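What follows is a short report on a single structure.
Numbering (the working numbering), first residue to last: 758 to 994.
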């Protein structure tokens with residue numbers, strides 16, 4: 758069962774979504790919340806697999822809720838909002854989908870299919886497949902599935918995950934081995950990138966290519982890695 762939480766300050770919107778979710782037998786609705794405070798309490802109590810999250814809320818917003826639980830709980834998130842101008846930021850925080858109100862049953866069904874795929878991929882990853890990251894005297898465990906790309910910087914590694922980045926000790930070769938070559942590709946002597954985050958490729962010349970990620974970040978691949986990049990993306994070498 759997919760344990761699900763709805764966060765929306767409009768009771769009619771919560772009730773409508775609840776009725777639509779009833780068509781899916783594998784979705785178990787835990788609660789509906791109308792404010793950041795009640796949402797955070799429900800998140801800590803129930804630890805849902807999935808959150809349908811409105812953006813504009815009284816005394817806060819949906820992004821603030823995600824910031825508050827980041828590193829401690831990482832549910833799949835589907836934003837549900839009447840405003841389209843937050844979509845880029847939503848995908849920067851690794852949202853599964855972004856539903857614009859009013860949406861229909863077919864659009865909701867598609868979002869749930871994407872959620873199932875995300876949860877299935879997470880389930881295939883060992884539960885200890887996380888990376889300790891120091892943050893202000895605390896250590897949080899970063900889900901490796903959240904990593905977009907990693908850049909080596911003067912003996913350290915800069916890990917980019919959504920809109921955040923973290924500096925950790927280590928070598929790129931060892932981290933690449935841990936992340937797995939099937940999911941992460943070395944595109945430069947100092948950069949590895951998650952393959953499914955690559956959105957666009959542009960040939961620059963001299964064997965270099967510009968990769969644009971789903972987050973909007975751009976990376977330059979080195980000449981020595983040209984054939985590896987093209988092969989990994991299913992392009993002729």
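We put the beta carbon where it would ideally sit given N, CA and C, even for glycine.
Predicted model, so just to flag it, every value in this text is computed and none were measured.
Query                                                                                         : Result
Own chain, CB closer than 7 Å to residue 832, minus 5 neighbours either side, in chain order  : 805, 806, 807, 808
Residue burial classification, residue 922 (beta-carbon count within 10 angstroms, cutoff 16) : exposed
Residue(s) in a DSSP beta bridge with residue 909                                             : 914
Straight-line gap, residue 770 to residue 948 (C-alpha atoms, nearest Å)                      : 44 Å
For residue 798, the three-state DSSP class (helix, strand or coil)                           : helix
DSSP state of residue 833 mapped onto helix, strand, coil                                     : strand
For residue 944 and residue 986, believed in contact at Cβ under 8 Å, the rounded distance    : 6 Å
Residue 782 - containing beta strand (DSSP E), residue span                                   : First-last for residue 782: undefined, no H or E at that position.
Minimum C-alpha distance to residue 824 - residue among 933, 981, 973, 919                    : 919
Bridge partners - residue 966, DSSP secondary structure assignment                            : 960, 978
Local conformation of residue 884 per DSSP, three classes                                     : In this prediction, residue 884 has a pLDDT of 46, which is less than 50 and means its spatial position is unreliable; nothing more can be read from the coordinates.
For residue 990, three-class secondary structure by DSSP                                      : coil
Straight-line Cα distance separating residue 925 from residue 884                             : With a pLDDT of only 46 at residue 884, under 50, the local geometry of the prediction cannot be trusted, and the value read off the model is given with reservation. Going from the Cα of residue 884 to the Cα of residue 925 covers about 21 Å.
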